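Put into structure tokens, the structure is as follows:
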């Protein structure tokens, strides 16, 4: 446990994919510090959740290309960060066949969310702001 | 003390980071799906929104916000130490700073999210 005591996951030695993922976790983490926190403040403080019906999303929030782009960027960052983070957790606590099966299910879920999330933010018909 | 081990700040920081991370992941899975529903089945999405805006939903939102804020602050602390190793010496003081910011930012936000429960 001591290797985790002061900092996060130790920087993988030897380069390659693991090192790239380690850097990407920090890069996406930094992006999410801004994107995820501002997203939370907007949808919980600026606008009360009770007002955010499907109609509100289409006619107000997503009548703006800026917010569609913002939300899609947030989606990309959070999918990478959350799924690679849980990947580390799965690798820490499982081994062998269970690890392979869980990782496969994890990656599949991530791909499905990438597809349906991208689909809805890009294909919901635009209603210009009144 | 748990089983004779002294639980240090660093270990707690790591444990909270992991628990909040997995919890946020679980909500992200639900949240991408509910936004997909907003496009494909608005009625079902609005029903789910009713739950999010309910008193119990607001308590869960507050917990989610707390997890997100802690994960963001402690994540920044990890990044600082990863890229500026000399700061590792101040890991404890930085953890306490995280909690000061957590309380200073979190309490007002929690108040705003929760106040519709008592009609304020």
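Residue numbers (our numbering), protein chains in the order written: chain A, 1 to 130; chain B, 1 to 120.
Here a beta-carbon is modelled for each residue, glycine too, at the ideal position from N, C-alpha and C.
No experiment lies behind these values; they were computed from the predicted model shown.
Contacts that residue i makes with chain A (C-beta to C-beta distance below 8 Å)
i	result
residue 25(B)	82, 83, 85 and 86
residue 116(B)	48 and 50
Under 7 Å between C-beta atoms of residue i and residue j
i	j	result
residue 54(A)	residue 85(B)	no
residue 47(A)	residue 39(B)	no
residue 103(B)	residue 78(A)	no
residue 29(A)	residue 75(A)	no
residue 14(B)	residue 86(A)	no
residue 97(B)	residue 87(B)	no
residue 113(B)	residue 44(A)	yes
residue 22(B)	residue 113(A)	no
residue 68(B)	residue 106(B)	no
residue 52(B)	residue 128(A)	no
residue 78(B)	residue 8(A)	yes
residue 7(B)	residue 55(B)	no
residue 37(B)	residue 30(B)	no
Under 9 Å from the C-beta of residue i: neighbouring residues of chain A
i	result
residue 113(B)	44, 45, 48 and 49
residue 47(B)	Chain A residues near residue 47(B): none, gap ~10 Å exceeds 9 Å.
residue 106(B)	Near residue 106(B) there are no residues of chain A at all, since even the closest Cβ is about 11 Å away, more than 9 Å.
For residue j and residue i, believed in contact at Cβ under 8 Å, the rounded distance
i	j	result
residue 21(A)	residue 104(A)	The pair is not a contact, with the Cβ atoms about 17 Å apart (cut-off 8 Å).
residue 37(A)	residue 72(B)	6 Å
residue 11(A)	residue 82(B)	7 Å
residue 35(A)	residue 81(A)	At roughly 10 Å, the Cβ-Cβ gap does not stay under 8 Å, so residue 35(A) and residue 81(A) are not in contact.
residue 94(A)	residue 102(A)	6 Å
residue 62(A)	residue 122(A)	At roughly 10 Å, the Cβ-Cβ gap does not stay under 8 Å, so residue 62(A) and residue 122(A) are not in contact.
residue 154(B)	residue 92(B)	Residue 154(B) lies beyond the range of chain B shown here (1 to 120); nothing can be said about it.
residue 99(A)	residue 89(A)	The Cβ separation is near 11 Å, so there is no contact.
residue 58(A)	residue 49(B)	Rounded, the Cβ-Cβ distance is 13 Å, inconsistent with contact.
Amino acids of chain A, ordered along the chain, whose beta-carbon sits closer than 7 Å to that of residue i
i	result
residue 79(B)	26, 29 and 30
residue 66(B)	The contacting residues do not exist; residue 66(B) stays about 11 Å from chain A at best.
residue 90(B)	The contacting residues do not exist; residue 90(B) stays about 10 Å from chain A at best.
residue 52(B)	49
Residue i (DSSP reduced to helix, strand or coil)
i	result
residue 108(B)	helix
residue 116(B)	helix
residue 112(A)	helix
residue 94(A)	coil
residue 15(A)	coil
residue 124(A)	coil
residue 47(B)	helix
residue 60(A)	coil
residue 29(B)	helix
residue 41(B)	coil
residue 52(A)	coil
residue 76(B)	helix
residue 103(B)	helix
residue 47(A)	coil
residue 84(B)	coil
residue 97(B)	helix
residue 2(A)	Any reading at residue 2(A) must be qualified, since the residue scores a pLDDT of 40, below 50, and its modelled position is unreliable; the value itself is stated next. The answer is helix: DSSP assigns residue 2(A) an H, G or I state.
residue 24(B)	helix
residue 92(B)	helix
residue 58(B)	helix
residue 8(A)	coil
Beta-carbon neighbours of residue i, restricted to chain B and to distances below 8 Å
i	result
residue 133(A)	Examination of residue 133(A) is not possible in this model, given that chain A is present from 1 through 130 alone.
residue 57(A)	35 and 38
residue 117(A)	32, 35 and 36
residue 127(A)	Result: empty, since nearest Cβ-Cβ is about 13 Å, beyond 8 Å.
residue 37(A)	68, 69 and 72
residue 14(A)	Residues of chain B passing the Cβ test: none, with the nearest at roughly 17 Å.
heavy atom of the ligand HEM below 6 Å from residue i C-beta
i	result
residue 62(B)	This structure lacks the ligand HEM, and indeed carries no ligand of any kind.
Interface residues of chain D facing residue i [CB-CB closer than 7 Å]
i	result
residue 119(B)	Among the chains of the structure shown, chain D does not appear; the protein chains present are A and B.
Listed by chain order, chain B residues near residue i by CB distance under 7 Å
i	result
residue 40(A)	65 and 68
residue 124(A)	39
9 Å Cβ cut-off: residues of chain B touching residue i
i	result
residue 120(A)	32, 35, 36, 37, 38, 39 and 40
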